Structure formats: structure tokens, C-alpha cells
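Step one of this worksheet: look at the structure below.
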Amino acid sequence: MQAPAMFQDRLQAQLLPVVLSAFKELFGPIPEAVKIAFQPTRPEFEGDLTINVFPFLKLSGQGPQQTATAIGEYLVRHALPVERFNVVKGFLNMVISDAYWTGFLKEAGERDILQFGPTGNKVMVEYASPNTNKPLHLGHLRNIFLGYSVSRMLQAAGHEVVKVQVINDRGIHICKSMVAWRMFGNGETPASSGLKGDKLVGKYYVAFDKVYKEEVAGLMAAGKSGPEAEKQAPILLEAQAMLRQWEANDPQVRALWEKMNGWVYEGFNATYARAGVDFDKNYYESNTYLLGKEDVLKGLAKGVFFRKDDGSVWVDNTAEGLDEKVLLRADGTSLYITQDIGTAIKRFEEFPGLSRMIYTVGNEQDYHFKVLFIILKKLGFAWADGLFHLSYGMVDLPSGKMKSREGTVVDADDLIDEMVAEARATGEQLSKLDDFSGEERNTLFEMIGLAALKYFLLKVDPKKRMLFDPKASIDLQGHTGPFIQYTYARIRSLLRKAGLPVGGGRPSGPAAMGSQQLLPEEKNVIKLLHQFPAVLNESATKLEPSALANHAYELVKAYNAFYQTVPVLKEGDAEIRGLRLALSSAVAETTRKAMWCLGIEVPERM
RNA sequence: GGUCCCGUAGCUCAGCUGGAUAGAGCACCUGCCUUCUAAGCAGGCGGCCGUUGGUUCGAAUCCAACCGGGAUCGCCA
Numbered sequence: 009m010q011a012p013a014m015f016q017d018r019l020q021a022q023l024l025p026v027v028l029s030a031f032k033e034l035f036g037p038i039p040e041a042v043k044i045a046f047q048p049t050r051p052e053f054e055g056d057l058t059i060n061v062f063p064f065l066k067l068s069g070q071g072p073q074q075t076a077t078a079i080g081e082y083l084v085r086h087a088l089p090v091e092r093f094n095v096v097k098g099f100l101n102m103v104i105s106d107a108y109w110t111g112f113l114k115e116a117g118e119r120d121i122l123q124f125g126p127t128g129n130k131v132m133v134e135y136a137s138p139n140t141n142k143p144l145h146l147g148h149l150r151n152i153f154l155g156y157s158v159s160r161m162l163q164a165a166g167h168e169v170v171k172v173q174v175i176n177d178r179g180i181h182i183c184k185s186m187v188a189w190r191m192f193g194n195g196e197t198p199a200s201s202g203l204k205g206d207k208l209v210g211k212y213y214v215a216f217d218k219v220y221k222e223e224v225a226g227l228m229a230a231g232k233s234g235p236e237a238e239k240q241a242p243i244l245l246e247a248q249a250m251l252r253q254w255e256a257n258d259p260q261v262r263a264l265w266e267k268m269n270g271w272v273y274e275g276f277n278a279t280y281a282r283a284g285v286d287f288d289k290n291y292y293e294s295n296t297y298l299l300g301k302e303d304v305l306k307g308l309a310k311g312v313f314f315r316k317d318d319g320s321v322w323v324d325n326t327a328e329g330l331d332e333k334v335l336l337r338a339d340g341t342s343l344y345i346t347q348d349i350g351t352a353i354k355r356f357e358e359f360p361g362l363s364r365m366i367y368t369v370g371n372e373q374d375y376h377f378k379v380l381f382i383i384l385k386k387l388g389f390a391w392a393d394g395l396f397h398l399s400y401g402m403v404d405l406p407s408g409k410m411k412s413r414e415g416t417v418v419d420a421d422d423l424i425d426e427m428v429a430e431a432r433a434t435g436e437q438l439s440k441l442d443d444f445s446g447e448e449r450n451t452l453f454e455m456i457g458l459a460a461l462k463y464f465l466l467k468v469d470p471k472k473r474m475l476f477d478p479k480a481s482i483d484l485q486g487h488t489g490p491f492i493q494y495t496y497a498r499i500r501s502l503l504r505k506a507g508l509p510v511g512g513g514r515p516s517g518p519a520a521m522g523s524q525q526l527l528p529e530e531k532n533v534i535k536l537l538h539q540f541p542a543v544l545n546e547s548a549t550k551l552e553p554s555a556l557a558n559h560a561y562e563l564v565k566a567y568n569a570f571y572q573t574v575p576v577l578k579e580g581d582a583e584i585r586g587l588r589l590a591l592s593s594a595v596a597e598t599t600r601k602a603m604w605c606l607g608i609e610v611p612e613r614m
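Take any residue in the first sequence, count from 1 to its spot, add 8: that is its number in this note's numbering.
The following block contains the structure:
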């Protein structure tokens, strides 16, 4: 079997065997290693699909012109969609018949081309892992939007998806907030202060840090060395003591911990709700932090790990090009990675059918996940091959890296507020919404502001670090989410005026589509629609929403060019009007689904 | 220093399973609202694709080295 292009579309799938038999008949069979690659014909040439025959010249024993012509002639005879062809240098440009395109358009009008049938696979996507001592920031947003979009794409690709977050609810960080609140809080609560719960707890984390720094400075002035002072600051000792009390189940500490975490969850949930994301299950570190120890000891017994003289347990990954890594301390206590080993095992026990688990975590943990996956594989779990670290790059500010210590962190809630305010300013100025109520406007501007933010973060290749300029990035024109929303709203308006049902739905296209000759503007749009399923497949497989996001943009851009120059409702010929309405509708529905895959909503009007 | 990631227009990014003259958006300049939403469309300006070698009929794309930026190399999480 000739290796097909990994993400080829259905037209290519249909043509490939014909091309192969053309070769076989004309020049003899093709060796497996030689791949036939289709590419879209460049706009400056006539045609829709192109094959470059250069790689086959040795096989054909003829020049590029003759080789391409021979194949082209064979295709016209044997492949229905290929109407005619031309050859430029070594490029065989095929013209696909309008009947093929309109046939596809008809199908796109009848079903969701971005929804694949069920695969039977179950995938877990972890896409948030916040600490409970401070509010969410821009970096979390990239993480959340990325993971949520991946979940949606996998659903569209036919997988069952379990969305989870892990909440780091215990540890020294939350104890710091607790200590500071107990010292300076005077009983302040979200209700008493009007502060969002996560903001309030974050405030005391900052307060802790301030006191801590003062104490360290004081100790150093009194003659201590830097490292000494950092270890002996009283407030830190108190936080450490509190962590021990927590571990000893001290009722008062536990009660305070429950209370303050509760505030944080309320705050997080408000942000999640506004951001439009949700989880099927939350994992709390306080429930899982003791996991993994038994598994490591089992591995030790099986000889997968080894024990050093001091009693600590290690894994040797030097054969994998990595290092030795400690899994249990000499005193037998766990580490972060121990816990992750246990948590992974637990998850696969809880969800027996899981075939994959995706961790959406920043690239600073690349090494950690490499080690984790190797360990789980060494422990012999078959599912270890289905583990994947969806690693994404940091979000930088024009001033450089975000640093909480330096107060340069962009708060998630504030950022969303800004984007929504910007959407509002633009929207009110355009004054197209005179009959909108205040509530309707709020909903719309929320939708647009979030689209701007999500699209901005999702259109970039996840693994690249990206720059976020709070001023320049608040853009609602050009290659943006609102541009795509706008096109959708435009089409919906058109369809309403055509008397089609409100609130979506697919108008049935004309019964006899296909007799018309397509305009270039129409064909461009249909071709982009036609490519979309393959793009979704590729995006879902590679876990890259950016490819989907960029294709959605290409599609609506082509539609806008069509819209601007080709009449739809004003077209006199009913059949042609029907085709253009069907085209418009297919673009709207496909755009809506693509945006759904990105976690972005689209408005009926804007 | 070891390992990994990144380097494309003034700025932000596509393109990278090798193919035709490298594409968008923003910014700047020109046109287009008495026809379906101008958050739009059409056009212009703007590029030693970090550098140097290599593989190839063909390299932004693959390989190597180097330069620049980042991450990581805790018995932290």
C-alpha cells in the first residue's frame, strides 16, 4: 500500500489509487518508498490540485512534460473529478470539475463536516493545575484555552474526552497565605471585603512575602548570612510549622485551610465560568500527594529502580540519555514525581477505557514529563505509550517574563475585563446594535472580548513562546477572533433575510446543484471548506489548535472576498441564488463548529 | 557545561511529512459604504527565511556546526 499523505483529504484519497494505477500501467509499479504528494495548485496557474512529477522521472524514464502529460491523460480518462489538466515544468495541474465541488457543497449543507464518527477511544485531558495561593494569570489562560480547545477538537474527531484539572491545594504555598491571613487578616473574608476569594488569598500571599523579605533583611543586618537568614525568618518557620500541623491533621489548621481554599475555589470557578471552560473531574493534591510510594516500592522489588546506601530510591535513566532521578527520600517520604506516578496509575484505574492521557503543562516541565513517562513505561504499564505532554511556551510581556515577585503578572480577570471593554468601545461606536438591550449588549461584548483573547492565544503554535503586548494585542480587526465572528454574523443576517430559520439550522440547498459554472470566488470558498475536515484531523492528531484556528481564518477571509463581490440575495436566478445561500450556510455552520473547537462562541448579530 | 525548544517583513505570526516567484494581520500609503453588516473589500509599501557548510534535480523546510534568545539540569512543586 502506497503510504498516503498523513492528513490527505477525500479527493486525494479518491485520486491516489488512480494515480498509482496510471503509473503501473504506464511505467510499471512504484516502489513503496516513493510517495505521491498532492498540493493545492498555486493561484497563478489554472487548476485545483497539483502533482509534482519530478520524483518519478527516474521511474518513467521520460522527461517531466511527457510523464506529467501521460498521467494527466490517464486521470482524465479514469478519474471522474478530473476534468482537464495542464503541465507547467514538472507540475501536473488538475482541474477538478465543478460538479465535484457542488456535490461536496451539497453534502456540507446536509451534515457537519467537522464531526467525525465515534472512534471508541477515551482520552483524558488535564488542562489546569493551579496553586491555590494566588489568582489565575495570563499564563494560566494560555494553558486553559489550549487544553480546552484540544478537548473539543478530540471530541469533534470522535473521541470521548474526560476533562480534568489538578488543584495544588496543599503545601507550603497555601500555608504562607494562611499564616499571613491569621496574622494580619482581622477576619477579612470575600464577603466582608468584596474581594474575589482567590484575590483575597493572593493578597495575603503577597503580604507574607513582604514580611518575609523584611525579616530576612533584618536578620542579615544583624549579621546572618543570606542563606541563613532566608532559612531562619520567623514567619517562614511559622509557615513550615503550619504545614506540619496540616500534615498532622490539626483541626484548627485544617479548618482554616478548608475555609481559605473554599474562597479560592469560588474565585477560580467564577473565572472558569467566565472563560467558558469546565471540567469533568477535579483532582486535589491533598488527596493524591501520598500516592505513588507503594508503586515505587513495587518497582524497587521488581528491580526497575534501585536503592542507594542512604536508603533513597532512584531510577536510572542514563540509557535513555537522561539522568538518575530520586523517587523516594532516604526517610521514605515522597516527592513531586512520586505523586505523579501514583496519580497517573490511579487515573487509569478510575477510567478503565482510557487510551490516552494528555497533560497540558508549560514547557518548563518538559524534563519532568519525560522522566515520568519513562518510569511508567519501565513499571510495565501498557498505557504508558498513550501519555503525552502537551507542552506550551511561556507568554512574555514586552517588559519580559511575567514575574509575580515584581508585580508584572497580568491577572486573568483584569485581562478579560480589558478585552471586553475594548469590544464594547468598538461595538458601541459602530452603533449597529440600537435595538439591543443592555443585557444583550453585555452578552455580546463578553462573547467578542473573549473571542479576541482566546483566538490571540490559540492561533500561535503552542510550543512557541509568544509575546503578549496588552496594548497592541487588544485587536479586533484582521486576523482575529472577532473578524471570524463578524463573518459568521454577516452570513446569519443574510440567511435571516433569505427567510431561513432563526438560530442556525441548515437550509436545504437547491435540488439540482451542479449545473452552474462556479465563479472563482465561489470555488475558493468551497475548496477551503473541502480542506477543513483534513485540517481538523491533523489539528486533533497533532494537538495543535493553531492549525484549525488559522484555517478558520482562511475560510472566512475567502468568504468575505466572495461576499463583497458576488450578489447572493440580489441574484435573480433562483438556482444560482440557492447555491450561494447553500455556500453561505455551509461556511457559517462550519465556522461555528470550528470556533466551537476553539472554545469560542459566535453571535447571530454584531 | 549537558539536554531540549525557538530564530521568517518595522511589530505579531503562518508556511516546515523537501517542490513553482516565501504568505497573512498590525502599522504606513491609495481607492471602495444611495446594493445582502465597512469589526469589511481591492491595491501599494515592506524579506541575505539567524550564519556557514552538507544532502538533493530542487532547501525557509532535512542534516551538521556556529551565533542569538529561552527552558531545564533540587532528596522544590
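Heads up, the beta-carbon is just placed ideally off N, CA and C, and yes, glycines get one too. Since we're looking at a predicted model, the values are computed, not measured.
Asked, Found
"By how many angstroms is the C-alpha of L57 removed from the C-alpha of M9?", "In this predicted model, M9 has a pLDDT of only 30, less than 50, meaning its place in the structure is not dependable; the value taken from the coordinates is given anyway. Cα to Cα, the separation comes out at about 22 Å."
"Check whether the Cβ atoms of V321 and L336 lie closer than 8 Å to each other.", "yes"
"Rank M365, D483, M603 and I353 by C-alpha distance to the C-alpha of H616 and give the top, closest one.", "A query on residue 616 cannot be resolved here, the shown segment of the chain reaching from 9 to 614 and no further."
"If you run the structure through DSSP and keep just helix, strand and coil, what is M102?", "strand"
"So, under 8 Å CB-CB, P478 and V418 are touching, yes? Tell me the CB distance rounded to an integer number of Å.", "7 Å"
"Could you name each continuous alpha helix (DSSP H) segment of 4 residues or more that falls completely within the stretch 205-241, going from the start of the chain to the end?", "205-229 and 234-240"
"Skipping 5 residues on each side, what residues in its chain have a beta carbon closer than 8 Å to that of Q485?", "F491"
"Would you mind giving the Cβ-Cβ distance between T75 and S68, rounded to the nearest angstrom? I have them listed as a contact below 8 Å.", "4 Å"
"Out of K378, G117 and A237, which has the shortest C-alpha to C-alpha gap to V323?", "K378"
"Does the Cβ-Cβ distance between G284 and G55 come in under 8 Å?", "no"
"Taking the alpha helix (DSSP H) that F53 falls in, what are its first and last residues?", "Counting along the chain, F53 falls outside any alpha helix (DSSP H), and DSSP gives it neither H nor E."
"At 4 residues or longer, and completely inside the stretch 540-596: list those alpha helix (DSSP H) runs for me, N to C.", "553-573"
"Measuring only the C-alpha atoms, how far is D303 from N129?", "27 Å"
"Just the Cα atoms here: how many angstroms apart are D483 and M603?", "18 Å"
"Residues in the same chain with beta-carbon distance under 6 Å from G512, minus the five sequence neighbours each way, listed in chain order, please.", "Confidence in G512 is poor, its pLDDT being 49 and thus under 50, which makes the residue's placement too unreliable to answer from."
"Near A392, which residues of its chain fall below 7 Å by C-beta distance, leaving aside the five closest residues on each side in sequence?", "F381, L384 and K385"
"Please say whether F93 and G111 have beta carbons closer to each other than 8 Å?", "no"
"At what residues does the alpha helix (DSSP H) containing N94 begin and finish?", "Looking at the DSSP string, N94 is not in any alpha helix (DSSP H); the run it does join, the beta strand (DSSP E), is V90 to V96."
"Once DSSP output is grouped into helix, strand and coil, what is the label at N450?", "helix"
"Rounded to a whole number of angstroms, what is the C-alpha to C-alpha distance between F540 and L556?", "8 Å"
"How many angstroms separate the CA atom of S342 from the CA atom of A229?", "37 Å"
"Which whole-angstrom value describes the C-beta separation of P72 and K32, a residue pair presumed to lie in contact below a C-beta threshold of 8 Å?", "Wrong, their Cβ atoms sit about 19 Å apart, outside the cutoff."
"Taking D288 and V170 to be in contact with their CB atoms under 8 Å, please state how far apart those CB atoms are, rounded to whole angstroms.", "5 Å"
"Helix or strand or just coil, what does DSSP make of H145?", "strand"
"Any contact of the stretch 114-121 with the stretch 129-145, i.e. 3+ C-beta pairs under 8 Å?", "no"
"Does the Cβ-Cβ distance between V533 and V595 come in under 8 Å?", "yes"
"Rounded C-beta distance between M455 and P611? I'm assuming under 8 Å.", "6 Å"
"Rounded to the nearest angstrom, what separates R178 and E246 at their Cα positions?", "16 Å"
"Please report the straight-line C-alpha distance between I424 and L461, rounded to a whole angstrom.", "8 Å"
"Just list the alpha helix (DSSP H) runs in the stretch 276-311, keeping only unbroken ones of 4 residues or longer that don't cross its boundaries, in chain order.", "293-296 and 301-309"
"How big is the Cα-Cα spacing for I182 and L264?", "11 Å"
"Going along the chain, which unbroken runs of the beta strand (DSSP E) with 3 or more residues stay wholly within the stretch 144-209?", "168-175"
"Expressed to the nearest angstrom, what Euclidean distance is found between the alpha-carbon atoms of F313 and F62?", "53 Å"
"At which residues does the alpha helix (DSSP H) containing A21 begin and terminate?", "R18 to F35"
"For N139, name the three-state secondary structure that DSSP assigns.", "strand"
"If you draw a straight line from the C-alpha of A560 to the C-alpha of K267, how long is it?", "45 Å"
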